[in-house]
Amino acid sequence: MKKIPAIGILGGTFNPIHFGHLRMAEELSEALNFDEVRFIPSANPPHKPAPAVSAEHRAAMVKLAIASNSTFKFDGRELARTGASYTFDTLSSLREELGTHASITLLMGNDAFTKLNTWHRWEELLNLCHICLVARPHGASKKAEGLSKALESYRQAHYTENSGDLLEQACGCITMQKTTSLDISSTAIRHALRNKHSVRYLLPDALLEYMKLHQLYYV
Ligand code: ATP
Ligand code: MG
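Residue numbers (this note's numbering): 1 to 219.
Structural data, given as structure tokens:
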């Protein structure tokens with residue numbers, strides 16, 4: 001049986017992108033049999049203060065970081081829109097592009113999932129995509145314990161243990177995958193750079209050069 005096209009979506013502020021993002025995308029791409037993973041930087045994240053580093057620089061770093069992986073694709077659709085970058089709008093436009101039969105899976109750390117019920121039109125997201133959750137080590141997973149009742153029942157109602165379900169239908173499932181736990185965050189990287197500490201081996205070398213060249217993050 002020919003499988004339906006399967007696309008993973010990783011949205012984020014990517015301020016900057018790091019090996020936590022890249023390794024998670026690589027492992028999920030393999031486990032869930034994605035034809036491609038789209039990296040979609042957020043221009044104006046609705047739930048965060050505006051990043052000091054411009055969307056153009058964050059996007060350029062994403063492009064550099066994924067250049068050598070033919071399954072990873074840069075998707076700049078949130079950069080082209082004005083106003084807040086809502087995932088609901090992004091998924092709607094991806095559906096228009098990819099059609100109703102493609103399987104689209106939103107990849108997210110459990111820290112992002114705990115706040116899902118504050119997202120624009122969050123209860124309709126599963127009409128457009130699946131969600132695959134991964135655990136984040138350290139502080140992020142502590143926060144996940146405090147899942148709201150609404151989110152807990154939402155997760156239970158849509159949960160599947162069988163990741164194969166995500167390749168049989170276009171949307172509607174929530175699943176969880178184990179990935180190598182990398183305790184890396186953009187916040188910690190920015191903090192280290194501000195304090196003139198090394199961030200080598202937390203993100204690709206090419207990004208260090210890019211940051212130096214453009215004098216980002218006080219490098
Ligand atoms: P910040 O500290 O600025 O919030 P971040 O490292 O959390 O940055 P984001 O751009 O906010 O990165 O994350 C985008 C997505 O990637 C989110 O779903 C987040 O949970 C996930 N993610 C980020 N870092 C990791 C990691 N180390 N392991 C697994 N998932 C991660
Ligand atoms: Mg984050």
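Glycine is no exception: its CB is placed at the ideal position from the N, C-alpha and C atoms.
Residue i CB to nearest heavy atom of the ligand ATP below 6 Å
i	result
residue 14	yes
residue 35	no
residue 75	no
residue 184	yes
residue 105	no
residue 109	yes
residue 87	no
residue 21	yes
residue 102	no
For residue i, the nearest candidate out of the options (CA to CA)
i	options	result
residue 50	65, 67, 70 and 84	84
residue 117	88, 93 and 99	88
residue 106	172, 168 and 216	172
residue 196	183, 184 and 211	211
residue 136	70, 48 and 108	108
residue 184	131, 138 and 52	138
residue 57	70, 132, 76 and 69	76
residue 6	194, 164 and 178	164
Residue i versus residue j: straight-line alpha-carbon distance, rounded
i	j	result
residue 18	residue 39	12 Å
residue 149	residue 114	11 Å
residue 72	residue 204	15 Å
residue 64	residue 20	16 Å
residue 202	residue 208	10 Å
residue 214	residue 190	15 Å
residue 81	residue 91	13 Å
residue 143	residue 122	The predicted position of residue 143 is uncertain, since its pLDDT is 48 and thus under 50; a value taken from the coordinates is nonetheless stated next. If I take the Cα positions, the gap works out to 19 Å.
residue 104	residue 217	34 Å
residue 99	residue 129	12 Å
residue 66	residue 93	23 Å
residue 101	residue 170	6 Å
residue 124	residue 86	12 Å
residue 74	residue 188	24 Å
Under 7 Å between C-beta atoms of residue i and residue j
i	j	result
residue 199	residue 192	yes
residue 78	residue 43	yes
residue 59	residue 41	yes
Beta-carbon separation (whole angstroms), residue i vs residue j, contact threshold 8 Å
i	j	result
residue 180	residue 166	20 Å between Cβ atoms; not a contact.
residue 33	residue 186	Contact flag wrong, Cβ pair sits at about 28 Å.
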